[in-house]
Amino acid sequence: MDRTQQAAALPGARALAPQLDALTGLRGLAAWYVVLFHTRVTLKATVGPMVYGFLSHGYLAVDLFFILSGFVLWHSCADNPAYRGARGMARFWLRRIARIWPLHMVLLGGFVALVGMLAATGRDIAFYRWGELPLHVLLMQNWGMTIGLMWNEPAWSISCEWAAYLLFPFTVMAAPWRNWSTGALVLLGCGLLAGLWAYFALHGSDDYLGFEIQRTGLMRCLLEFWTGNVLRMLWARWRDVPDICTGAWAAMIALLEGGVVLHLPEASYVPGVFAALILALSLEDRTPARLLRSGPLHWLGEISYSTYLSHFLLFIVFKMLFVGPDLTVGLGKLGLFLMIVLAASAALYRLVEKPAQRWLLRRGEARLAA
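Heads up: the sequence shown begins at 1 in full-length UniProt numbering, then just goes up one per residue.
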């Protein structure tokens, strides 16, 4: 059964248009950018300053995730009658929680076990606040109720996305979006990106989107997620219009070059670069999109959630076992770690993520049908 047939077999599901498969490969590359970002300090003595500088910006891949998630979710769910009404909203939330929560709990359990072992051997575990653990279980740890990132730190973005998912049905119902003109949607998208810049400027750090994540991460996610929603609305109107794809590539290059050359604040141009990139890839059928749709890259995208959530715990354990006090990792050890992450991602996807998702959906759909 291919992916289109699988999608059709699910109540209310909608397969991605073939050209949108490139976005799955893009998600896979973004997940590995985050992995390399979290290994960068141990590589500082090994790689040159240019490579280290590139790796140091890996946190920006999360902004790509947020916009991409908003785009794909609007495509899959916004016009779907299976998600209308009270029961439809419950079905939507069921599918979202079945997608993100089981693997999150497995990795959180891994951290609890690790911290327990550290405590048993007399290590300092003061950093891990047990009182905040219930917020992590409920995926509310980055809703402004904690003082910092802890436990499985990358899961902060999943917490924020869960908030976006909870709001999504109300976003769909908030306005008659189909009646909005294309110009109005463009202005709305630009307004959301400008609002993100203003939000970070007001918080005193528009040049660093990773600033005080526990305080700014939620709004960062929501504004970028909603930008992705608007981007998908525009895609529906532009997908058959000649030269829009070329314009999107040109806009991406202009924003990126202008931002770098003029040393503009991150918040003023990076999300716009990602929005233009997603639009360009979703509209074209040339080499970049074809590469991202290829088997290996598409597979990396399929297992990217497991990669993103598991690598942080794996790296902590890897450093404890293989890295000395100087915290230096050579390219050989880096290669070993990346292979471990890849193998673990594939195993978690196959043995945890998908089976748990199917189990929760079966039970949840049965309750909804009762």
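Even glycine gets a Cβ: it sits at the ideal position worked out from N, Cα and C.
None of the values given here were measured: they were computed from a predicted structure.
Legend entry - Exposed unless 16 or more other CB atoms sit within 10 angstroms - verdict on Thr307: buried
Legend entry - Phe92 vs Ala164 beta-carbon contact at 8 angstroms: no
Legend entry - Beta-carbon separation (whole angstroms), Pro355 vs Ile67, contact threshold 8 angstroms: No, Pro355 and Ile67 are not in contact; Cβ-Cβ is about 30 angstroms, not under 8 angstroms.
Inset, instruction - Under the assumption that Leu309 contacts Leu114 (Cβ atoms under 8 angstroms), give the Cβ distance between them as a whole number of angstroms. - result: In fact, because the Cβ distance is near 15 angstroms, the residues do not count as touching under 8 angstroms.
Inset, instruction - Could you check what DSSP says for Gln141 in three-state terms: helix, strand or coil? - result: coil
Legend entry - Contacting residues, own chain, Cβ-Cβ under 7 angstroms from Phe111 (five flanking each side not counted): Trp151, Asn152, Leu313
Legend entry - Supposed close pair Met140, Ser159 - CB separation, criterion 8 angstroms: 6 angstroms
Inset, instruction - Indicate whether the contact test is met: 3 or more Cβ pairs, each with one atom in the stretch 229 to 243 and one in the stretch 268 to 284, closer than 8 angstroms. - result: yes
Inset, instruction - Helix, strand or coil for Trp359, going by three-state DSSP, please let me know. - result: helix
Inset, instruction - Please list, in chain order, all residues of the same chain as Val172 whose beta carbon is under 6 angstroms from its beta carbon, the five residues on each side excluded. - result: Ala78
Legend entry - Euclidean distance between Cα positions of Asp207 and Val261: 14 angstroms
Inset, instruction - Pull up the CB-CB distance for Leu196 and Ala267, whole angstroms please, since I reckon it's below 8 angstroms. - result: 6 angstroms
Inset, instruction - Return the chain-ordered list of same chain residues with a C-beta closer than 6 angstroms to the C-beta of Met219, the five sequence neighbours on each side being excluded. - result: Tyr199
Legend entry - Ordered list of alpha helix (DSSP H) runs contained in the stretch 135 to 202, each at least 4 residues: 156 to 173, 182 to 202
Inset, instruction - Using 10 angstroms around the beta-carbon of His263, count the other beta-carbons present and answer buried if the total reaches 16, otherwise exposed. - result: exposed
Inset, instruction - Compare the C-alpha of Arg362 against each of Leu94, Ala236, Ser56 and name the closest. - result: Leu94
Inset, instruction - Return yes when the Cβ of Pro154 is within less than 8 angstroms of the Cβ of Met89, no when it is not. - result: no
Legend entry - Beta-carbon separation (whole angstroms), Leu360 vs Ala45, contact threshold 8 angstroms: Not confirmed; about 45 angstroms, so no contact.
Legend entry - CB-CB length for Leu192 against Thr146, believed under 8 angstroms: Not really, about 26 angstroms apart at Cβ, beyond 8 angstroms.
Inset, instruction - Whole angstroms is fine: what's the gap from Ala248's alpha carbon to Gly70's? - result: 18 angstroms
Legend entry - Cα-Cα separation between Asp240 and Trp177, rounded to whole angstroms: 19 angstroms
Legend entry - Short Cβ contact (8 angstroms threshold) for Phe37 with Gly58: yes
Inset, instruction - Look at the Cβ atom of Leu43, then the Cβ atom of Leu334, and state whether they are nearer than 8 angstroms. - result: yes
Legend entry - Candidates Gly85, Gly28, Arg40, of which the one nearest Val62 by Cα: Gly28
Legend entry - Assigned secondary structure, Phe211 (DSSP; H/G/I helix, E/B strand, else coil): coil
Inset, instruction - State the Cα-Cα distance for the pair Gly364 and Leu202, rounded to the nearest angstrom. - result: 42 angstroms
Legend entry - DSSP-derived helix/strand/coil call for Met1: A caution first: Met1 carries a pLDDT of 35, below 50, which makes its placement in the model too unreliable to give a value.
Legend entry - Ranges of the alpha helix (DSSP H) found wholly within the stretch 213 to 283, counting only runs of at least 4: 213 to 238, 244 to 261, 266 to 283
Legend entry - 6 angstroms Cβ shell around Phe337 - same chain, five flanking residues per side excluded: Phe318
Legend entry - Buried/exposed call for His136, threshold 16 Cβ in 10 Å: buried
Legend entry - Straight-line Cα distance separating Leu368 from His75: 23 angstroms
Inset, instruction - Could you tell me the distance, in whole angstroms, from the CA atom of Trp162 to the CA atom of Cys221? - result: 10 angstroms
Inset, instruction - Going by CA-CA distance only, name the one from Trp143, Ser304, Tyr305 that's closest to Ile213. - result: Trp143
Inset, instruction - Take the Cβ of Ser181 as the centre, count every other Cβ of all protein chains shown within 10 Å, and call the residue buried at 16 or more, exposed below. - result: exposed
Inset, instruction - Quick one: give me the first and last residue of the alpha helix (DSSP H) that Arg91 is part of. - result: 85 to 120
Inset, instruction - Please name the residue, chosen from Arg358, Ala366, Ala344, that lies closest to Leu107 on a Cα-to-Cα basis. - result: Ala344
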